[in-house]
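Following: one structure in structure tokens, then a few remarks.
In our numbering, the protein residues as written are 122 to 203.
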């Protein structure tokens with residue numbers, strides 16, 4: 122998979138697992154995963170290039186345990202490919 126495909130796959134898996142994905146121009150504010158109450162929201166900075174967005178998403182989603190999710194194998198592939 123290329124960077125864009127990997128990014129899109131990771132975001133789709135995250136959404137399937139209930140993580141709200143928001144792509145925004147963050148004006149230099151770091152994006153990432155936040156919790157608001159019981160909701161998880163992933164902010165992706167649209168000002169970044171695709172490889173930079175991919176790194177941002179990998180860092181944010183890489184701390185979560187995906188092992189018991191339907192997308193576990195695909196997510197592991199995405200997190201491990203560089």
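Note that beta-carbon positions come from the ideal geometry of N, C-alpha and C, so glycine has one too.
My understanding is that residue i touches residue j, with C-beta atoms under 8 Å, so please give their C-beta distance in whole angstroms.
| i | j | result |
| --- | --- | --- |
| residue 178 | residue 132 | 7 Å |
| residue 148 | residue 163 | Not quite, the Cβ-Cβ distance comes to about 18 Å (not below 8 Å), so this is no contact. |
| residue 130 | residue 174 | Contact flag wrong, Cβ pair sits at about 13 Å. |
| residue 207 | residue 144 | Since the first residue of the chain shown is 122 and the last is 203, residue 207 is not available in this structure. |
Using DSSP bridges, identify the partner residues of residue i.
| i | result |
| --- | --- |
| residue 144 | 165 |
| residue 156 | 161 |
If distances are taken between C-alpha atoms only, which option among the options comes closest to residue i?
| i | options | result |
| --- | --- | --- |
| residue 167 | 153, 136 and 188 | 153 |
| residue 193 | 123, 128 and 138 | 138 |
| residue 146 | 140, 123, 170 and 128 | 170 |
| residue 185 | 127, 172, 151 and 140 | 140 |
Enumerate in chain order the residues of its own chain whose CB-to-CB distance from residue i is below 6 Å, with the five nearest sequence positions on each side excluded.
| i | result |
| --- | --- |
| residue 155 | 162 |
| residue 183 | 200 |
| residue 190 | 138 |
Can you list, in chain order, the residues of its chain with a C-beta nearer than 8 Å to that of residue i? Leave out the 5 residues immediately preceding and following it.
| i | result |
| --- | --- |
| residue 197 | 187 |
| residue 128 | 171, 174, 175 and 178 |
Residues in the same chain with beta-carbon distance under 7 Å from residue i, minus the five sequence neighbours each way, listed in chain order, please.
| i | result |
| --- | --- |
| residue 142 | 132, 135, 136, 163 and 165 |
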